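Okay, so here's the structure we're looking at.
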Amino acid sequence: MSAKRNKIFLSSFLLLLVFGCANQQKNILESDESQLKLRSIQSRSYDISDKTRLCRTIIATLQDLGFIIDKADENLGSISGTKRSGYSLRMTVTVRPKGDKQMIVRANAQYNLITVEDPEPYQDFFAALSKALFLEAHHIE
Amino acid sequence: MRQPNNFLQFSFVFFCCFILSCQTIPHDALKLSPESLAERQLQTRVFETNDEKMILSACAALLQDLGYQIDESETSLGVILASRDRDVTDPAQVAGAVAMAILFGVATPIDKNQKVFASLTTRPLDEKRIAVRIIFQHMVWNTQNQLVKNECIHDAKIYQEFFSKLSKSVFLEAQGL
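Protein chains in written order, with this note's numbering: chain D, 1 to 141; chain A, 1001 to 1177.
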């Protein structure tokens, strides 16, 4: 009976392993949410044309939220940071112009090993950024 | 008796899977906390100058004095990331682990390695003032290579000491020393 129990245990772990291996390949390019939905959750546009000011305000906002800045590139308009608070929360924020008077800010976050696809944390982030910029965030269509 | 045992084992495996798959971000992870203003004040000092490059250079020099390696920098946005690895083996913890091994025959893991990150940014406030903000975070691994600490450092003394050293470094930089 004990041997049978071991078999059941072994087979369930093998099953998990197989699922795990299949996922490793799949995870490279796949996300759970649809691409457009994710973009709209993670992006906002602001009525601002000064890229440097926007980048610096994003840095200050991330710091207020407890992040340290890991990388920043003004030319590319990208800023990455990590928050460590028992967990690791990594975030990359990019900035790109939309016409002459607007900028699109896109943020994506990774909580430990999981991509954050829940809208609420992004709403919190953009609320904090809007407060720091004294500007209203517009949803992207 | 066999049936319930198998059931228990299966439930345990599925419970583990459930825990792994249901990790979600804490609801306040990206909310401004009431302490964020006090934290910002603790981590920031303002220098009366308009020379941001000079300030950044003084900061980099100080980080080097403190044994940090510069990992990343972007002068146009006033960003420096530095880190430092250290052995944090504590004699008291070693003694505790030895006592546990002798008394109960169990190997107790103790803190071994620490990586400290120092994230420094500069930001011009107006024509004459530049704010410098430093944030320290650290990760600590034990002798079994498990991550036991992964957090921001909030100790006010560390920040005060850093800024008192930075004032000297800025003075030296301004004097071209």
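For each residue, glycine too, the CB sits at the ideal point set by N, CA and C.
Note that the structure is a prediction, hence the values are computed from the model and not measured.
Cross-chain neighbours of Y111 of chain D in chain E, by beta carbon under 8 Å: Any reference to chain E falls outside this structure, whose protein chains are D and A.
Partner residues on chain A for Q146 of chain D, Cβ-Cβ distance less than 8 Å: The structure shown has nothing for residue 146 of chain D, since chain D only spans 1 to 141.
Nonlocal neighbours in the same chain, by C-beta distance under 7 Å from I142 of chain D, ignoring five residues either side: Past the edges of chain D, shown from 1 to 141, lies residue 142 of chain D, and the structure says nothing about it.
Under 8 Å from the C-beta of R1084 of chain A: neighbouring residues of chain D: Ordered by position in chain D, no residue passes the 8 Å Cβ test against R1084 of chain A, which lies about 14 Å from the chain.
Straight-line Cα distance separating G1176 of chain A from Q123 of chain D: 47 Å
Counted within 10 angstroms of its Cβ, other Cβ atoms place A1095 of chain A as buried (16 or more) or exposed: exposed
Collapsed DSSP secondary structure at E1052 of chain A in the structure displayed: helix
Cβ neighbour criterion (16 or more within 10 Å) applied to F126 of chain D: buried
Validate contact between the region 1048-1060 of chain A and the region 1088-1105 of chain A using beta carbons, cut 8 Å, 3 pairs: no
Within the region 1059-1087 of chain A, ranges of the beta strand (DSSP E) (whole runs, at least 3 residues): 1069-1074, 1079-1087
Cβ pair N1113 of chain A, D1087 of chain A closer than 8 Å: yes
The region 1045-1064 of chain A: positions lying closer than 8 Å to chain D by Cβ: none
N1150 of chain A versus N6 of chain D - alpha carbon distance: 37 Å
Same chain, Cβ closer than 8 Å to A132 of chain D, five either side skipped, listed in chain order: T57, A60, T61, D64
Contact set for Q1069 of chain A: own chain, Cβ-Cβ below 8 Å, skip 5 residues either direction: A1082, S1083, R1084
R1040 of chain A to I1025 of chain A span [Cα, whole Å]: 23 Å
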